[in-house]
Amino acid sequence: MPLTVPRAGLRAVPYRGRRATPPARTAALRLLVLAAALLGVLLGGAAPASAHAALTGSSPAQGAVVQKAPPQVTLSFSEGVAMGDDSIRVLDPKGKRVDRGKLLDLCSGSTVKYGTGLPPGLPDGTYTVAWQAVSADSHPVSGAFTFSVGAPSKSAAVVPEQEAGGGLVGALYGIGRYVAYAAFALLVGGACFVLACRPEAARSRPVQRLVVLSWATLTAATIVLLLLRAPYTGSGDLADAFDLGGLKEVLGTKPGAALVSRLLLLAAAALFMAVLFGAYARAGEQGDDKRRKDLAFGLGVGGTVVAAGLAATWAMAEHASTGLQTAVAMPVDVVHLLAVAGWLGGLTTLLVTLYRDPATVDGAAVRRFSRLAFGAVLVLVATGVYQSWRQVGTWRALTDTSYGQLLLLKVGLVVVLVGVAWVSRRWTGRLGEAVADAVPAAAGIPAQEGSQEGAPEPVPVSSAAAEETADAAHSPERAAQLARQRAAVADARRKRVRDADPVRYGLRRSVLAESCVAVVLLAVTTVLTSTEPARTEQAVKDSGQFAAAARPVSVTIPFDTLGPKGKGTARLDLDPARSGQPNDLHLRISGPDGTARDVPEVRVSFTSKTKNLGPLPAALKHTGTGHWTARNVQLPAAGSWQLSLVVRTSDIDQVTETRNVKIS
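Residue numbers (the working numbering): 291 to 954.
In structure tokens, the structure reads:
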């Protein structure tokens with residue numbers, strides 16, 4: 291015999307186990323799965339964070355061959371960086387560290403340059419320079435390059451394959467940053483929704499849980515970021531998260547101070563929530579409008595100050611704190627973050643209310659939020675245009691840089707989000723005040739249920755139900771089973787109330803779609819804040835000093851003049867292989883057995899067919915057996931140049947070989 295559940299106002303119904311998933315829930319699950327998949331693609335495929343600062347040059351240059359060991363190694367950066375005594379390490383061909391272990395601060399004016407000293411008398415061979423720094427916008431950056439003394443050699447030096455900010459620690463730090471952004475938006479947006487759009491929501495348990503949970507999540511994420519900061523910018527070892535010495539160093543940095551300030555502000559936010567969901571909610575429940583208005587004014591002012599302070603903890607430690615017009619960029623970034631939180635956080639709170647407490651949402655509340663969201667979008671457009679100009683600089687950088695491409699993706703998502711919001715606005719226009727009273731009747735529930743008179747009129751309960759209730763009083767297991775059954779019936783009843791009105795159903799669907807797009811938009815924003823700004827990347831590329839592309843040219847050219855001893859190999863090195871500045875050229879000739887040999891004549895010239903320049907000869911000087919050099923080789927334009935090598939091994943045996951080389 292199937293079990294029955296007695297309910298006041300409802301007939302006893304058989305309990306037949308789990309019910310099929312409603313179509314509305316199926317659609318919601320599909321949208322959430324799609325958003326989670328897109329989010330996983332964005333975060334899972336993201337490379338390690340690219341720092342604002344970029345390496346613009348070094349001395350010796352990457353791949354350079356110098357005749358004697360330099361007294362020091364220097365590095366130049368596009369922006370300010372933080373470095374320590376172990377930030378620059380020089381390793382000899384055997385992998386042994388040979389630098390003096392003391393950082394040299396060579397910065398002057400707008401030039402950012404650091405170095406480390408080298409002892410005299412270093413032997414010939416290939417040396418490896420490994421460096422690591424933290425840019426002014428808090429992101430780590432690292433790299434390695436080689437130079438040779440005398441001639442290149444094999445090297446046993448081992449440098450970390452993992453970039454700074456990568457690996458497990460980098461992934462956890464990135465997740466923590468995303469969680470912190472999302473929790474901030476929910477905390478600020480949820481409180482804003484209650485104060486500005488639906489004061490009655492202060493008594494709503496789902497809304498209270500959402501805001502309190504977002505506060506707890508932001509607090510936990512901030513603590514995790516503080517602990518991970520040292521290994522994130524240093525060793526990359528997760529065990530170093532609990533190193534008190536590393537934590538002490540982090541507290542003395544700008545990002546560390548920002549995270550500690552965020553924790554202090556979250557303590558003030560806890561007091562704000564206690565008043566919002568305590569005294570403010572009770573004043574509304576008791577109908578004390580004057581006290582509620584006074585509390586709303588105080589909460590509005592205090593909440594704005596706390597929210598702005600929380601937003602400033604991001605602005606003071608990331609892209610807005612460095613680069614152009616920081617005095618303007620930081621306040622603009624604070625306003626931008628508050629607008630994002632008001633829109634996306636409020637949207638999520640509305641979605642939770644529509645699903646968990648639908649009868650309390652009326653047309654007036656949704657329309658108030660619609661106006662709030664529209665104002666937030668206008669603020670986002672204004673502040674976003676300024677931030678885009680500041681970080682991108684040129685139209686070409688939008689398509690030629692990673693930052694620009696991510697920014698275009700973010701703009702596209704905002705357009706989609708605004709389009710879905712327009713659909714929600716149409717549903718809002720159809721949501722009238724009378725709908726709240728019509729929903730219970732449409733669901734088949736007596737109109738007096740939930741009225742101010744109190745509980746509904748008692749309905750006679752069957753004798754079988756009364757016997758089951760009596761049995762439950764003597765059996766804890768039976769009582770628990772009946773409680774679960776009653777909860778299932780109550781949940782089904784709530785869903786009938788929720789789904790009875792097609793207007794609310796359509797509004798929930800469109801708001802859910804908005805929330806899914808917002809999840810992906812927030813992920814793109816998180817990746818964008820950890821990407822090197824397009825203005826910096828493009829400027830370094832245009833100047834020909836981009837460390838990854840501006841490498842010295844090294845080509846090996848076999849030749850055969852078809853005469854006696856006419857076979858051999860020429861190795862040509864051009865350093866730094868950049869236009870508009872002096873370049874050093876080294877040419878080495880060797881025989882078939884690899885030993886250095888001289889030839890009667892050798893000539894080198896460069897021709898640019900696209901620029902109609904050349905041939906430009908290099909003034910070679912014989913400096914040793916099989917070795918010629920040329921100083922101050924000038925190539926006026928970047929691009930592809932044709933290198934022409936003429937080798938004469940006798941009075942009549944001569945050959946010309948050509949190769950294409952890239953000049954940055």
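All residues carry an ideal CB built from backbone N, CA and C; glycine is no exception.
Inset, instruction - On the DSSP bridge assignment, give the partners of R421 in chain order. - result: First, the residue type needs correcting, since residue 421 is Trp and not Arg in the sequence shown. In the DSSP assignment, the residues bridged to W421 are I378, G433.
Inset, instruction - Identify which residue in K700, Y463, V667, T846 has its Cα closest to the Cα of L812. - result: Cα-wise, what sits closest to L812 is K700.
Inset, instruction - Taking E575 as part of the beta strand (DSSP E), name the residues at either end of that continuous run. - result: Note, E575: premise wrong, no beta strand (DSSP E); alpha helix (DSSP H) at 571-576.
Inset, instruction - Please go through the stretch 538-623 and give each complete alpha helix (DSSP H) segment of 4 or more residues, from N-terminal end onward. - result: The DSSP assignment places 544-565, 571-576, 579-605 as complete runs of the alpha helix (DSSP H) inside the stretch 538-623, in order along the chain (cut-off: 4 residues).
Inset, instruction - Using the DSSP secondary-structure output, state which residues sit across from N873 in a beta bridge. - result: In the DSSP output, where bridge partners are listed per residue, N873 has V923.
Legend entry - Residues near A724 by beta carbon distance below 8 Å, same chain, minus five either side: The predicted position of A724 is uncertain, since its pLDDT is 38 and thus under 50; no value can be drawn from it.
Legend entry - Contacts around A336, its chain only, beta-carbon distance under 6 Å, and the 5 residues preceding and following it disregarded: Because the pLDDT of A336 is 40, which lies under 50, any placement of that residue in the model is unreliable, and the number read from its coordinates should be weighed accordingly. So the list reads V817, once near-sequence residues are dropped.
Inset, instruction - Drop a sphere of 10 angstroms on the beta-carbon of Q742, count the other beta-carbons inside from all chains shown, and report buried for 16 or more, exposed for fewer. - result: Low local confidence applies: a pLDDT of 38 at Q742 is under 50, so the model's placement there is unreliable, with the coordinate-based value given in what follows. It is exposed - the Cβ of Q742 has fewer than 16 other Cβ atoms within 10 Å.
Legend entry - alpha helix (DSSP H) segment containing G881, residue limits: Segment: none, G881 is in no alpha helix (DSSP H) and carries neither H nor E.
Legend entry - Where D941 falls, given that 16 or more other Cβ within 10 Å makes a residue buried: With fewer than 16 other Cβ atoms within 10 Å, it is exposed.
Inset, instruction - Closer than 6 Å by C-beta to L875: which residues in its own chain qualify, once you throw out the five before and the five after it? Chain order, please. - result: The beta carbon of L875 is closer than 6 Å to those of L864, A908, A920, V923 in its chain, skipping five residues each way along the sequence.
Inset, instruction - Ignore the nearest five residues each way along the sequence and tell me which others in T900's own chain have a CB closer than 8 Å to its CB. - result: By the criterion of a C-beta distance shorter than 8 Å, T900 is surrounded in its chain by G929, S930, once the five residues flanking it on both sides are discounted.
Inset, instruction - List the DSSP bridge partners of G929. - result: According to DSSP, which records beta bridges pairwise, G929 is partnered with I953.
Inset, instruction - Inspect the CB distances between the stretch 551-558 and the stretch 531-538 and report whether three or more fall short of 8 Å. - result: Too few Cβ pairs lie closer than 8 Å, so no.
Inset, instruction - Work out the CA separation of L925 and Q871 for me, nearest whole Å. - result: Just so you know, the alpha carbons of Q871 and L925 end up roughly 8 Å apart.
Inset, instruction - Report the rounded CA-to-CA distance for A434 versus A420, giving the unit in angstroms. - result: When the Cα atoms are used, A434 and A420 turn out to be separated by approximately 4 Å.
Legend entry - Beta-carbon proximity list for Q695, same chain, < 8 Å, skipping 5 on both sides: A distance below 8 Å between beta-carbons, with the five flanking residues on each side excluded, links Q695 to the following residues of its chain, in chain order: L688, T689.
Legend entry - Neighbour-count burial assignment, V843, 16 or more Cβ in a 10 Å radius: Burial call: buried.
Inset, instruction - Return yes when at least one heavy atom of the ligand FMN lies under 7 Å from the C-beta of L534, else no. - result: Among the components modelled here there is no ligand, and therefore nothing to report on the ligand FMN.
Legend entry - Same chain only: Cβ atoms within 8 Å of L485, ignoring 5 sequence neighbours per side: So the list reads L566, A586, L589, G590, G593, once near-sequence residues are dropped.
Legend entry - Nearest candidate by alpha-carbon position, reference R493, set G709, A654, A564, S934: Taking R493 as reference, the option from G709, A654, A564, S934 with the minimal CA-CA separation is A564.
Legend entry - Straight-line gap, E575 to K583 (C-alpha atoms, nearest Å): Approximately 13 Å between the Cα atoms of the pair.
Inset, instruction - List the residues that DSSP assigns as beta-bridge partners of S349. - result: Answer by DSSP bridge pairing, in chain order: T364.
Legend entry - Three-state secondary structure (DSSP) of D863: Strand.
Legend entry - Exposed unless 16 or more other CB atoms sit within 10 angstroms - verdict on H429: By the neighbour-count rule (16 or more Cβ atoms within 10 Å), H429 is buried.
Inset, instruction - Give a yes or no on whether 8 Å exceeds the smallest Cβ distance from D395 to chain B. - result: The structure shown contains no chain B; it is built from a single protein chain.
Inset, instruction - Go through its chain and collect everything with a Cβ distance to A949's Cβ below 8 Å, but skip five positions before and after it. - result: It is worth fixing the name first, because residue 949 is Arg in this sequence and not Ala. Non-local C-beta neighbours of R949 in its own chain, meaning closer than 8 Å and more than five positions away in sequence, comprise V845, I847, Q932, L933, L935, ordered along the chain.
Legend entry - Assigned secondary structure, W918 (DSSP; H/G/I helix, E/B strand, else coil): Strand, per DSSP.
Inset, instruction - Classify R387 as helix, strand or coil using the three-state DSSP reduction. - result: DSSP places R387 in strand when its eight states are reduced to three.
Legend entry - Reference A597, options R387, S611, L862, F562, closest by Cα: Residue F562 is the option with its Cα nearest to A597.
Inset, instruction - Would you mind sorting H912 into buried or exposed? The rule is 16 or more other CB atoms within 10 Å of its CB. - result: Sixteen is the threshold: since fewer than 16 other Cβ atoms of the shown chains lie within 10 Å of the Cβ of H912, the residue is exposed.
Inset, instruction - Give the single residue among A446, G702, S611 whose Cα lies nearest to the Cα of K386. - result: Distance check between K386 and each of A446, G702, S611 places A446 closest, using alpha-carbon atoms only.
Inset, instruction - Note down, in chain order, each residue of its chain lying with its Cβ closer than 6 Å to the Cβ of R938, except the 5 sequence neighbours on either side. - result: Counting only residues of its own chain and dropping the five nearest sequence neighbours on each side, R938 has a CB closer than 6 Å to the CB of P890, E891, Q944.
Legend entry - Segment contact, 8 Å Cβ cut-off, at least three pairs: the stretch 361-375 with the stretch 398-410: Under the Cβ criterion (8 Å, minimum of three pairs), the stretch 361-375 counts as touching the stretch 398-410.
Inset, instruction - Kindly indicate which residue of S895, A473, S349, V459 has the alpha-carbon position closest to the one of S438. - result: If we check each option's Cα against that of S438, S349 comes out closest.
Legend entry - Closest by C-alpha distance to S551, when choosing among L698, D652, A605: Of L698, D652, A605, the residue nearest in Cα terms is A605.
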